[in-house]
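Residue numbers for the sequence shown follow my numbering, so the first one is 7 and each next one is one higher.
The next block holds one structure in the form of structure tokens; read it before the comments.
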Amino acid sequence: MVKQHFSHVRHWVFDLDNTLYAPSVRLFDQIERRMNAFVVRVLGVDDTEANRLRKHYWQLHGTTLAGLMAEHKIDPDAYLEEVHDISFDALAPDPHLAELIGNLPGRRIVYTNGSAPYAAQVLKARGLDAAFDAIYGVEHAGYRPKPEEDAFRTVFERDGTDPLRAAMFEDDPRNLTAPHAMGMRTVHVAPERAAGTHIQHHTDDLPAFLGQL
């Protein structure tokens, strides 16, 4: 029954963090610590306030970076390089997932609110780099983050993605709102499904879901 809903799809768009690896890996914990350290250093606040601001900017602006740019005019490239300087030792190759993604018909891309160089490192550590045709980071959307629809449109126009023939796989339910409105098939990849008519499918096991396609 799932397969028939994707028979038209020829553009496959995957988020990166907590989508192409399990949240239990907790890779993003390292990034959050580096975000806090950046905010402490640049804004001159203590760690508690930095943590509060990081979460506040994420909720209000879509990402911490977007909030820092809007309210403090920080250099996005310096920020992205610093917060993504982490260890990838917790990631393991997944040849089965690589095969499943590589067998999807059409074009396959990664689109993340992180940076493209960081995404490339994650994909290499997971053994997924050869499965994708392109990688897009927040820099390719002019540093505008998902869930902004203009950010999606910028990346999709750059890649030639046809939303009416596309599917989006994403762990953050906010980031499925615009793709759904654009006509994409939406898949929430997370331990628990979030509410919302913009979420058409849910899975807590990406390889098992892709195996149905």
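Each residue gets a CB set at the ideal place from its N, CA and C atoms; glycine is no exception.
Excluding five sequence neighbours on each side, which residues of the same chain lie with their C-beta closer than 8 Å to the C-beta of residue i?
i, result
"residue 115", "17, 18, 19, 20, 138, 139, 140, 141, 142, 165, 167"
"residue 10", "none"
"residue 8", "207, 215, 218, 219"
"residue 78", "48, 49"
"residue 29", "177, 196, 197"
Leaving out five residues before and five after residue i in sequence, what residues of the same chain have Cβ atoms less than 7 Å from its Cβ?
i, result
"residue 53", "42, 46"
"residue 24", "34, 177"
"residue 133", "99, 100, 101, 104"
"residue 171", "14, 15, 16, 17"
"residue 210", "196, 197"
"residue 76", "67"
"residue 12", "173, 191, 219"
"residue 161", "117, 142, 146, 147"
"residue 80", "48, 74"
"residue 153", "68, 180, 181, 183, 184"
"residue 70", "41, 60, 63, 64"
"residue 90", "37, 120, 121, 124"
"residue 88", "40, 44"
"residue 4", "Shown here, the chain extends from 7 to 219; a query on residue 4 therefore has no answer."
Would you list the residues sitting across from residue i in a DSSP beta bridge?
i, result
"residue 20", "116, 175"
"residue 142", "117"
Is DSSP giving residue i helix, strand or coil here?
i, result
"residue 14", "coil"
"residue 74", "helix"
"residue 7", "coil"
"residue 61", "helix"
"residue 46", "helix"
"residue 219", "coil"
"residue 67", "helix"
"residue 25", "coil"
"residue 51", "coil"
"residue 93", "coil"
"residue 40", "helix"
"residue 83", "helix"
Using a Cβ-Cβ cut-off of 6 Å (strictly less than) and excluding sequence neighbours within five positions of residue i, which residues of its own chain qualify?
i, result
"residue 56", "42, 45, 46"
"residue 215", "209"
"residue 185", "174, 192"
"residue 62", "none"
"residue 36", "92"
"residue 158", "184"
(Q) Give the list of continuous beta strand (DSSP E) stretches no shorter than 3 residues that lie fully inside the stretch 144-216. (A) The qualifying runs are 172-176, 191-195, 207-209.
| message | Please give the ranges of any alpha helix (DSSP H) in the stretch 95-139, keeping only runs that are unbroken, at least 4 residues long and fully inside the region. | response | 101-108, 122-132
query: Using 8 Å as the threshold, is the stretch 120-127 in touch with the stretch 143-157, meaning 3 or more CB pairs across them?
result: yes
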